[in-house]
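Step one of this worksheet: look at the structure below.
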Amino acid sequence: MKTITPAELGQLMQRNDSIDLVDVRAPAEFRSVHVRCARSIPLDRISAEAVREGRGPNASGPTYVLCKSGQRAKQGAERLAAAGGGLDPVVIEGGTDACIAAGLEVVSGEGSMSLERQVRIAAGGLVAVGTVLAAAVDPWFWVIPGFVGCGLVFAGVTDTCAMGMMLARLPWNR
């Protein structure tokens, strides 16, 4: 998988306004803050067709892919590479967070809660509710915090998060 640093992206942006930069975060995250010339194609909707549809008439060369910190961008780039079609995906190392830290021009919009924060709130809430129900109602409710804990371990090991993917589909994240 090809990668470039945010500094290299900044140099490309200075030389060429027509680079194809795709942000695969949830729409609410994108609206909150994004790199100036990025366009939003959420990870659950990314495809070679979607990327080609939104490419500007002057865009040529690789498709640069980024997310918040880099992991979803890698998944999106893998999907594009597997689809073929000459999109030549390149991942921006460290994602939008690293681009902001590197001083790239960003567009800030309405504030929204990050998907990562929503996952922490949902997981913590499920553990708390499961624990209270297990103590007050029936010990079988210990299954809830156990399931959440196993899900978090799986997410950490595989670097994917099913809860995050489900939360990304909720109306406030569209």
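171 is the number that numbering that gives the first Met the number 0 gives to position 172 of the sequence shown; each next residue is one higher, with no gaps. Using N, Cα and C, we set each Cβ at its ideal position, and we do this for glycine too. As the structure is a prediction and not an experimental result, all values here were calculated from the model.
Collapsing the DSSP output to three states places Ser46 in coil. When DSSP assignments are scanned along the segment 61 to 114, the uninterrupted stretches of beta strand (DSSP E) that are 3 or more residues long and fall wholly within it turn out to be 62 to 65, 88 to 91 and 105 to 107.
Sequence-distant Cβ neighbours of Ala72 in its own chain, meaning closer than 7 Å and more than five residues away, are Val23, Val64, Leu65, Cys66, Val90, Ile91 and Gly94.
Using a Cβ distance threshold of 8 Å, Leu20 and Ala47 do not count as a contacting pair. Straight-line spacing of the CA atoms in Leu42 and Arg51 works out to 15 Å. By the neighbour-count definition (other C-beta atoms within 10 Å, threshold 16), Pro138 is an exposed residue. Here Arg35 carries a coil assignment [DSSP, helix/strand/coil].
With respect to the C-alpha of Ser107, the residue from Ala37, Met0, Val131 and Met165 having the closest C-alpha is Ala37.
A straight-line Cα-Cα distance of about 19 Å links Cys98 and Glu109.
DSSP places Ile3 within a strand segment (E or B) once states are collapsed to three.
In this structure Leu79 is buried. Its beta-carbon is surrounded by 16 or more other beta-carbon atoms within 10 angstroms.
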